[in-house]
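Student: Residues 91 to 245 in my numbering are what the sequence shown spells out, letter by letter. Positions of the beta carbon are idealized from the N, C-alpha and C atoms, including for glycine. For clarity, every value in this text was computed on a predicted model and none was experimentally measured.
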Amino acid sequence: MRTPPRSELPEVLAFMQGLWAVVHRMERLSKQMGTRSGVTGPQRLVLRLVALFPGLSAGDLATMLHLHPSTLTGILRRLDDQGLISRTADPDDRRRTSMRLTSRGTRASTSTRATVEGAVAAALARTSDAHRDITRRFLEQLASCLDHEVDRFEK
């Protein structure tokens, strides 16, 4: 049997096929980044956010990234082990830690060559402001619908 063309798929399946293609390519590039530089796509995203918001707490970062705190803990541990971030306990609340980049972390967060961020930036540069805004709003709506489905399963 031949592979059916996308045009023969129901719209929702064709759209999902496109989403899976993007996710797969992001994961593949992330693994290549990890092999080449020792920093994966998610780790680099954490570095970039900590660079933009020094002193950001782990909890706030988990919220920004829509990650469970335990997932973020593993990422932060690996970045800390590599000497890319420093974590400091809040003197008023020992459960809360704030993060800053080390000088090595700053170097690792600057270049976008051959990164997921670089690929996304290139695609954004070729897209109009209006199209980017519509896409961003749609992605937010899709995330909200997915959250709703997750909540239904958890009840």
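Alpha carbon to alpha carbon, how far is LEU99 from THR178?
Tutor: Roughly 52 Å separates the two Cα atoms.
Student: Reducing DSSP to helix, strand and coil, say where MET123 ends up.
Tutor: Residue state, collapsed to three classes: helix.
Student: Measuring only the C-alpha atoms, how far is MET189 from ARG168?
Tutor: Going from the Cα of MET189 to the Cα of ARG168 covers about 13 Å.
Student: Can you have a look at PRO144 and say buried or exposed, based on whether 16 or more other CB atoms are within 10 angstroms of its CB?
Tutor: Looking at its Cβ environment, which holds fewer than 16 other Cβ atoms inside 10 Å, PRO144 is exposed.
Student: Within the 8 Å Cβ cut-off, does GLU101 reach chain B?
Tutor: The structure shown has no chain B; it contains just one protein chain.
Student: Does the distance from the C-beta atom of SER147 to that of THR187 stay below 8 Å?
Tutor: Closer than 8 Å, so yes.
Student: I want to check one thing, is the minimum distance from the CB of LEU139 to the heavy atoms of the ligand FMN below 7 Å?
Tutor: By its list of ligands, the structure shown contains no ligand whatsoever, and the ligand FMN lies outside what it can speak to.
Student: Starting from the N-terminal side, write out each stretch of the beta strand (DSSP E) that is 3 residues or longer and does not extend beyond the segment 95-165.
Tutor: List check, beta strand (DSSP E) in window: nothing returned.
Student: If you follow the alpha helix (DSSP H) that ARG190 is part of, which residue opens it and which one closes it?
Tutor: No alpha helix (DSSP H) holds ARG190; the beta strand (DSSP E) holding it covers 187-191.
Student: What does DSSP give as the partner residue(s) for ARG177 in the beta ladder?
Tutor: In the DSSP output, where bridge partners are listed per residue, ARG177 has MET189.
Student: Pick out the complete beta strand (DSSP E) segments inside the segment 198-243, 3 residues or longer, and give them in chain order.
Tutor: Counting only runs of 3 or more, we get nothing.
Student: How would you call GLY195, buried or exposed, if buried means at least 16 neighbouring beta carbons within 10 angstroms?
Tutor: Result: buried.
Student: Select from HIS238, ASP180, ASP241 the residue whose C-alpha is nearest the C-alpha of GLY149.
Tutor: Closest option to GLY149, Cα to Cα, is ASP180.
Student: In angstroms, rounded to a whole number, what distance separates the CA positions of ASP223 and GLN231?
Tutor: One C-alpha to the other measures close to 12 Å.
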